[in-house]
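In the working numbering, each number is its position in the sequence shown, counted from 1, plus 143. By construction, the Cβ of each residue, glycine as well, lies at the ideal position given by its N, Cα and C atoms.
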Amino acid sequence: KEIHEPRKGCIVVFTREGGGHVGFYMGETETSIKVLGGNQNDEVNELDYLKSRLLGYRLPGNFA
């Protein structure tokens with residue numbers, strides 16, 4: 144389900160050329176969102192993505 148305020152560990156959805164990208168929300172700065180992802184530069188790591196690429200935040204439907 145869509146949420147409007149991020150929670151640590153929620154799914155973050157971004158735009159990407161040729162498709163999209165998702166990862167787990169870990170925090171943010173004024174201009175970027177830190178994401179834990181499994182296919183970022185062919186490895187599991189934390190990377191910063193510009194907030195301008197953000198499509199939204201999601202949680203599994205049964206999450207309180």
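Take L179, set aside five residues on each side of it, and the residues of its chain with a beta-carbon closer than 7 Å to its own are G166, F167, M169 and E189, in chain order. Take K144, set aside five residues on each side of it, and the residues of its chain with a beta-carbon closer than 8 Å to its own are R201, L202, P203, G204 and F206, in chain order.
By the CB criterion at 8 Å, V155 and I176 fall inside the cutoff.
Rounded to whole angstroms, the gap between the alpha carbons of G181 and R159 is 16 Å. Cβ contact annotation for L193 (same chain, cutoff 6 Å, sequence separation greater than five): S175, in chain order.
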